[in-house]
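*Asks:*
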Amino acid sequence: MIKFRNAYREAASDLPEFHMEASQVQDELHHHRMQMQRRRYLIARGCTAAAVFLLFGAGTVAAKNYRDSNIRVSDNGFVITSAGEDQEGLPDGRNLPDPASILSLGGAFSIEEGIPDDEIEVYEPEITEYNSIEEFLTVSNVTAAIPDKELFGETFTGENVDVVEDGSEVSIYLYNENVSFFMIQFDNREYEGYSTATSFSGSSGNERNYTNSQGLNYVVFDSVDEKGETESVHAAISVNGRDLTFTFQGFDETVIEKILYTLDLTVYFQD
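The sequence shown begins at -17 in the numbering used here and counts up one residue at a time.
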């Protein structure tokens, strides 16, 4: 048993800043090893974006009473907060630290406010790795909305699916030397109250809403560089207890809209 505060300080001070840059996904082996090593290191210390709710206090277990979360775009990322604003001790998303203080795709905060003093047990989470979407669909029984690869119009040289524990987090990576697609799914059905935050390189801009074929709404925004050019497009949606985020790099807007429009989110209402 160790103090969460001490574990946090160690993790936050030792880890380098990490961003989802196109150059990092060109080398499949390097990207995969670095991402998995970083995730294991952070999860063991309660510092991933998926575990950010620990910093702000997890709510009581939800009794199959799922509500869509609040999604708020900030200067260079977004915050997802459970819908109930009347839950004592939980933020509503308006007073959270800016995602600029979080390591990109890592979720380790650079501030100590809200960190509990209670001791927690450091553990190594079970992470199952799949080398393709096909392998994941064949072997795993975890529910996830999987995009049709044909719609991307690309031949991917790298393809990975990682599942944390029994599906509390699912990550999908598709990439080649020109484009990349990253999707992450958090299963928050066991919690009434939680907050997560994610930051990206560049500044957020061009926030908009997009409705898919099932009438569900995505929050969509761009990450732009100092010259105002779009680096990547991000989308986030909350569906029946799951929060999904998507990052597209190098794709035309028409391709992105097609992916979001056709993605079958009804799978989250069937289990």
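Every residue, glycine too, gets a C-beta built ideally from N, C-alpha and C.
So what does Arg190 bridge to, in DSSP terms?
*Replies:* Val202
*Asks:* Entirely within the segment 103 to 130 and at least 4 residues each: give me those alpha helix (DSSP H) ranges in chain order.
*Replies:* 115 to 121
*Asks:* Nearest to Ile62 by CA position, among Gly223, Phe251 and Glu117, is which residue?
*Replies:* Gly223
*Asks:* Could you give the distance in angstroms between the alpha-carbon of Phe168 and the alpha-carbon of Gly135?
*Replies:* In a straight line, the C-alpha of Phe168 is about 27 Å away from that of Gly135.
*Asks:* Output needed for Thr125: all residues of its chain with C-beta closer than 6 Å, excluding positions within five of it in sequence on either side, in chain order.
*Replies:* Once the five neighbours on either side are set aside, the close Cβ partners of Thr125 are Val249 and Asp253.
*Asks:* The beta strand (DSSP E) with Tyr254 in it runs from where to where?
*Replies:* Given that the chain is displayed from residue -17 to residue 253, the structure contains no residue 254 and the question cannot be resolved.
*Asks:* Pick helix, strand or coil for Phe251, following the three-state DSSP scheme.
*Replies:* helix
*Asks:* Please classify Gly210 as buried or exposed, where buried requires at least 16 neighbouring CB atoms within 10 angstroms.
*Replies:* By the neighbour-count rule (16 or more Cβ atoms within 10 Å), Gly210 is not buried but exposed.
*Asks:* Where do the N-terminal and C-terminal ends of the beta strand (DSSP E) with Arg54 fall, by residue?
*Replies:* Asn52 to Ser56
*Asks:* Could you pull out every residue in the same chain whose Cβ sits closer than 8 Å to the Cβ of Asp246, ignoring the five residues on either side in sequence?
*Replies:* Ala127 and Gln196
*Asks:* Does DSSP classify Phe134 as helix, strand or coil?
*Replies:* helix
*Asks:* Just how far apart, CA to CA, sit Thr229 and Ile115?
*Replies:* 17 Å
*Asks:* Which residues mark the beginning and the end of the beta strand (DSSP E) in which Glu211 is found?
*Replies:* Here Glu211 belongs to no beta strand (DSSP E), and DSSP marks it neither H nor E.
*Asks:* Got a sec? Which residues, its chain only, sit under 6 Å from Met165 by beta carbon, not counting five neighbours each side?
*Replies:* Ile154 and Phe228
*Asks:* Which residue comes first and which comes last in the beta strand (DSSP E) that contains Thr139?
*Replies:* Where Thr139 is concerned, there is no enclosing beta strand (DSSP E), given that its DSSP letter is neither H nor E.
*Asks:* Could you say which of Arg54, Phe233 and Asp57 lies nearest to Thr137 if we only look at CA atoms?
*Replies:* Phe233
*Asks:* Confirm, please, whether the CB-CB distance from Pro129 to Ile219 is below 8 Å.
*Replies:* no
*Asks:* Does the Cβ-Cβ distance between Glu141 and Leu156 come in under 8 Å?
*Replies:* Yes; because the gap between Cβ atoms is below 8 Å, this pair is in contact.
*Asks:* Assign Asp144 to one of two classes, buried (16 or more other C-beta atoms within 10 Å of its C-beta) or exposed (fewer than that).
*Replies:* buried
*Asks:* Taking the beta carbon of Asp57 as the centre, do at least 16 other beta carbons fall within 10 Å, making it buried, or is it exposed?
*Replies:* exposed
*Asks:* Name the two residues that bound the continuous beta strand (DSSP E) containing Phe163.
*Replies:* Ser162 to Asp169
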